[in-house]
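Notes to accompany the following structure.
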Amino acid sequence: MKAKTINEIRKDGFEILAKSLGPIEMVRFIQSFDMGRGDYTKERSQWISENLDDIFKDIKKKRTRVIAH
């Protein structure tokens, strides 16, 4: 079985939504999604101050506390 292209998947999805919801409700459903702005990959360092090692250490600490109780 050959993998579908993203355009084929989108086409199938729109057809299924239109059939299931009808054209007007399909449009309302699609409009309900906010794609946001910006570039997450470039901007994530502004929001995420910890590196993976710090995150793993915190997880291990919390697991140890849960097991101890």
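The numbering used here puts the sequence shown at residues 10 to 78.
C-beta: ideal position from N, C-alpha, C; glycine also.
Distance between residue j and residue i (C-alpha atoms, nearest Å)
i, j, result
"Glu17", "Gln55", "36 angstroms"
"Gly87", "Lys28", "Residue 87 lies beyond the stretch modelled for the chain, which goes from 10 to 78, so this question has no answer here."
"Lys70", "Ile64", "10 angstroms"
"Glu34", "Ser41", "11 angstroms"
"Arg74", "Lys66", "13 angstroms"
### Start-end ranges of the alpha helix (DSSP H) lying completely within the region 10 to 75, minimum 4 residues
DSSP runs (the alpha helix (DSSP H)) wholly in the region 10 to 75: 15 to 30, 32 to 40, 49 to 56.
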